[in-house]
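Participant:
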Amino acid sequence: MTELLTQSETNLRDVATLAVDLAARRGASARASVHHEGFAKIAVRDGEVETAERSGGQGLTITIFRDGRQGAASTAGFERATIERVVDEAILIAGHVQPDPDATMAPADWLAFSGPAPELYADSPRSPDVLLNAAQAMDRAASEIVRSDSQLRAGESVAVATEGLWALATSDGFCRSVQRSNDARWSVMLAQDQGGSTSAFCQSQERRVDALLSPAVLAGCAADRARQMIGARTIGSRRCPVLFDPRTAATLVGELAGALTGHAQYRRMSFLPDPVGRSVAASHLDLSEDPFEPLGLASGGFDSEGIAGSQRAILRQGMVEGLFLSTFSGRKMGMPSTGNADGFYNLRLTSSTASGDWQAMLAMLGTGLVVTEFQGGKTDPASGNWTQAIKGLWVEDGQVVHAVTDVTLASNMLAMLTGIRAVGSDVERQGPIRTGSILIDDMQVGGTA
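Read left to right, the sequence shown gives residues 435 to 883 (the numbering used here).
1. Below 8 Å on the Cβ atoms is my guess for I498 versus Q504; work out the distance and round it to an integer in Å.
2. Need the endpoints of the alpha helix (DSSP H) that S763 sits in, please.
3. Would you report the Cα separation of C609 and T509, rounded to the nearest angstrom?
4. Hey, how far is the Cα of D776 from the Cα of T596?
5. Bridge partners of F473, per DSSP?
6. Report the rounded CA-to-CA distance for A747 versus H718, giving the unit in angstroms.
7. Take G790 and list the residues in its own chain whose beta-carbon comes closer than 7 Å to its own, dropping the five residues that flank it on each side.
8. Using a threshold of 9 Å, state whether the C-beta atoms of G688 and I867 are closer than that.
9. Name the DSSP beta bridge partners of E723, please?
10. Enumerated in chain order, which unbroken segments of the alpha helix (DSSP H) with a length of 4 residues or greater are wholly contained in the segment 796-881?
11. Return yes when the Cβ of V449 is within less than 9 Å of the Cβ of F512, no when it is not.
12. State the DSSP-derived secondary structure class of A466, mapped to helix, strand or coil.
13. So, using beta-carbon positions, are G735 and P552 closer together than 9 Å?
14. Of all the alpha helix (DSSP H) runs that stay within the bounds of the segment 648-695, which reach a length of 4 or more residues?
15. With contact counted as at least three CB pairs below 8 Å, one residue from each stretch, are the segment 687-703 and the segment 766-785 in contact?
16. Kindly list the residues whose CB is nearer than 8 Å to the CB of H381, restricted to its own chain and excluding five residues on each side of it in sequence; keep chain order.
17. Could you check what DSSP says for Q751 in three-state terms: helix, strand or coil?
18. Can at least three beta-carbon pairs, one atom from the segment 725-732 and one from the segment 793-810, be found at a separation below 8 Å?
19. Mapping the DSSP letters down to three states, classify E518 as helix, strand or coil.
20. Return yes when the Cβ of W600 is within less than 9 Å of the Cβ of V612, no when it is not.
21. Do you know offhand how far G880's Cα is from A844's?
22. With respect to the alpha helix (DSSP H) encompassing L566, which residues constitute its N-terminal and C-terminal limits?
23. Going by DSSP, what residue range makes up the beta strand (DSSP E) through V622?
24. Could you give the C-beta distance for S760 and Y700, rounded to a whole number, given that I count them as a contact under 8 Å?
25. Once DSSP output is grouped into helix, strand and coil, what is the label at E443?
26. Can you tell me the Cα-Cα spacing of R514 and Q662, whole angstroms?
27. Which residue's Cα is closest to the Cα of Q639: R659, D658, V594, E807?
28. Using a Cβ-Cβ cutoff of less than 7 Å, which residues in the same chain neighbour T436 once the five nearest sequence positions on both sides are dropped?
29. Around the Cβ of G743, are there at least 16 other Cβ atoms within 10 angstroms (buried) or fewer (exposed)?
30. Out of T685, V468, P559, point me to the one whose CA is closest to E443's CA.
31. In whole angstroms, what separates the C-alpha of R479 from that of G589?
32. Counting C-beta neighbours from all protein chains within 10 Å, is the total for G529 16 or more, i.e. buried, or is it exposed?
33. Is the separation between the beta-carbon of I540 and that of I854 shorter than 9 Å?
34. Return the bridge partner residues of S638 from the DSSP annotation.
35. Can you give me the C-alpha to C-alpha distance between A474 and P562, rounded to a whole angstrom?
36. Within its chain, find whatever has a CB closer than 6 Å to the CB of E523; leave out the 5 residues flanking it on each side and keep chain order.
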């Protein structure tokens with residue numbers, strides 16, 4: 435039973451259907467997206483409740499297609515008069531837009547009128563008492579750690595729950611809805627010595643409460659991360675191998691996926707132009723997409739156009755096999771939609787080469803730099819030139835020597851992808867991306883002269 439929602443899927447489907455029906459009466463094709471969500475958060479620090487929040491929201495967006503023109507308008511109201519007004523607004527906006535033959539609705543035979551509907555909602559306890567107990571348990575675990583280590587202080591312990599509904603209807607008679615849940619916990623720890631202070635956090639996010647990491651694990655992980663950054667200092671400029679921990683490695687996978695979106699491709703703002711059939715990464719790498727993983731954080735039976743994605747290879751042995759396309763970007767490229775109007779679904783990077791856990795990856799690194807946090811930088815989407823300020827660890831002979839700060843890394847994304855030596859078995863999920871640590875053979879480190 436839902437703890438946070440006040441609407442039902444039936445209500446949302448009715449609102450979406452009414453919107454497209456009203457558009458049809460005005461001579462326009464339309465697509466209506468309706469959402470409703472509830473959110474709760476409790477944060478505890480030193481045994482006291484620091485934040486207690488509950489909120490919710492809803493909205494309707496109607497997109498009108500008429501005479502090669504497209505217009506959209508939104509509202510938070512679900513009353514009939516409000517829906518009529520927002521439909522009229524979208525039609526008015528469409529009348530002032532330049533026609534584009536590619537900005538039309540997807541063909542009806544592309545729509546997922548039926549098909550797999552992955553489980554996205556877990557009927558887990560999400561009452562205020564449940565959230566408070568979870569935050570207090572993390573706070574107690576953090577306090578236990580602090581009592582045995584004078585260098586540490588406990589930060590906030592946070593429990594969050596979200597539930598949501600989404601319905602989509604089109605003038606072609608498509609109308610489906612989904613219910614989603616999301617639970618998150620995180621613990622923040624602070625560490626200090628004579629050289630200064632630092633903080634770190636550890637987070638767990640799932641669609642069901644009982645799949646989350648335990649309070650002791652979260653607090654312990656945050657403490658370890660804060661502790662390892664004590665005494666951080668810079669290093670001299672050099673070239674060396676670099677190991678990205680799973681959290682930062684996920685960012686690299688996201689950069690690769692972003693270069694393969696239809697938006698980047700048709701605008702020629704990708705460092706991987708015309709990539710299908712090209713080798714763009716080390717030959718031992720595979721990247722797969724799965725929209726249908728039960729309770730996956732990026733699962734879905736269809737996108738915001740009503741088109742289903744598919745289980746498929748994006749990279750196979752380093753070669754690009756797939757792009758992430760919407761109807762519009764696909765038409766610009768002369769290709770069909772891949773059901774990715776909202777971005778990619780669950781991605782997983784794997785490697786056919788031997789690797790191992792975190793300790794094995796440190797041994798494989800030998801002497802070099804570990805990246806644990808990005809502090810700011812950029813990737814040029816067209817050239818792939820990549821620069822980041824980072825925090826991390828300096829490693830010699832597979833052993834951590836000291837923490838590192840005030841250094842930058844520079845390379846080119848294509849060189850980085852082709853220079854990946856191994857992907858660790860220490861796999862973590864960061865939102866839609868699963869990957870282990872990533873070891874790159876050679877990068878430029880900017881530190882002291």
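Note that beta-carbon positions come from the ideal geometry of N, C-alpha and C, so glycine has one too.
Facilitator: Inspection of the coordinates gives the following:
1. 7 Å
2. Where S763 is concerned, the enclosing alpha helix (DSSP H) starts and stops at 761-766.
3. 19 Å
4. 20 Å
5. S489, T596
6. Rounded to the nearest angstrom, the two C-alpha atoms are 14 Å apart.
7. The beta carbon of G790 sits closer than 7 Å to those of G858, S859, all from its chain and outside the five residues before and after it, given in chain order.
8. yes
9. R746, L781
10. Given a length threshold of 4 residues, each whole run of the alpha helix (DSSP H) inside the segment 796-881 is given here in chain order: 847-852.
11. yes
12. strand
13. yes
14. 649-662, 680-693
15. yes
16. Here the chain has residues from 435 to 883 only, and residue 381 is not among them.
17. coil
18. no
19. helix
20. In this structure, V612 lies near W600, with their beta-carbon atoms less than 9 Å apart.
21. 8 Å
22. 562-581
23. 609-627
24. 10 Å between Cβ atoms; not a contact.
25. helix
26. 58 Å
27. The residue with the shortest Cα to Cα distance from Q639 is V594.
28. E597
29. buried
30. V468
31. 6 Å
32. exposed
33. It is Ala, not Ile, that sits at residue 540 in the sequence shown. In this structure, I854 does not lie closer than 9 Å to A540 by Cβ.
34. Paired residue(s): R619.
35. 8 Å
36. A507
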